[in-house]
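Trainee: Residue numbers (the working numbering): 386 to 552.
(1) Closest to residue 391 by C-alpha separation, out of 532, 462, 536, 538, would be which residue?
(2) Tell me the residue span of the beta strand (DSSP E) that contains residue 449.
(3) Which residues share a DSSP beta bridge with residue 406?
(4) In its own chain, which residues sit with a C-beta less than 8 Å from the C-beta of residue 500, not counting the 5 before and 5 after it?
(5) From what residue to what residue does the beta strand (DSSP E) around residue 389 run?
(6) Would you kindly report the start and end of the unbroken beta strand (DSSP E) that includes residue 495?
(7) Excluding the 5 residues preceding and the 5 following residue 479 in the sequence, name in chain order all residues of the same chain whose CB lies nearer than 7 Å to its CB.
(8) Which residues bound the alpha helix (DSSP H) around residue 461?
(9) Give the single residue among 530, 395, 400 whose Cα lies nearest to the Cα of residue 462.
(10) If the criterion is Cβ atoms closer than 8 Å, does the pair residue 524 and residue 481 meet it?
(11) Need the endpoints of the alpha helix (DSSP H) that residue 420 sits in, please.
(12) Taking C-alpha atoms, which residue in 459, 460, 465, 444 lies nearest to residue 452?
(13) Output yes or no for whether 8 Å exceeds the beta carbon distance between residue 415 and residue 512.
(14) Would you report the Cα separation of residue 496 and residue 444, rounded to the nearest angstrom?
(15) Comparing C-alpha positions only, which one of 405, 418, 429, 425 sits nearest to residue 471?
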């Protein structure tokens, strides 16, 4: 299974691709889409075009995205939500199932602690994906989201298989 992890952002959207074979995870690629200097509509188009290209180039089987948290800046939260909408739309339009995970779930899955900082997340991503060199903190977060999805999707698949056998 090939997983696309997405850390949504309007100015910097992190992405990471991993391959999953049983319990074995391997790094494929990662990067950051930067959209500074343009208006909101142009930034959303840039995110759409870049993610469409990534899906076409790497052919993931599924995608995972971090859920939005609400902060004190309502306008900023709204803009992040629009970027997140594009990040959900692209894989869905490609026919990919999309998992969504809270930031604390991603951190707890990858680091073991729900309130880990970005440095701890990047360190654990490097340990779990030997040879991976994230293009920055946003790319490391995206790889962490992909790792989280690999663990949770694998667990869900095992439960579903056991339920089928039981019935």
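From the three backbone atoms N, C-alpha and C, an ideal C-beta is built for every residue, glycine too. Computed from a prediction, not measured in an experiment: that's the story for all the values here.
Mentor: Reading off the structure:
(1) For the residues 532, 462, 536, 538, the minimum Cα distance to residue 391 belongs to 532.
(2) For residue 449, the enclosing beta strand (DSSP E) has its first and last residue at 447-451.
(3) Note: residue 406 sits in a beta bridge opposite 409.
(4) Counting only Cβ-Cβ distances below 8 Å, and skipping sequence neighbours, we find 489, 492.
(5) Note, residue 389: beta strand (DSSP E), 387-392.
(6) No beta strand (DSSP E) holds residue 495; the alpha helix (DSSP H) holding it covers 488-495.
(7) For residue 479, where only same-chain residues beyond five positions count, the Cβ hits under 7 Å are 440.
(8) First-last of the alpha helix (DSSP H) with residue 461: 459-478.
(9) From the listed residues 530, 395, 400, the smallest Cα separation to residue 462 is found for 395.
(10) Taking 8 Å as the cut-off, the Cβ atoms of residue 524 and residue 481 do not count as close.
(11) Per DSSP, residue 420 lies in no alpha helix (DSSP H) and is assigned neither H nor E.
(12) Nearest of 459, 460, 465, 444 to residue 452, Cα basis: 465.
(13) No.
(14) Their Cα atoms are separated by approximately 27 Å.
(15) The residue among 405, 418, 429, 425 with its C-alpha nearest the C-alpha of residue 471 is 429.
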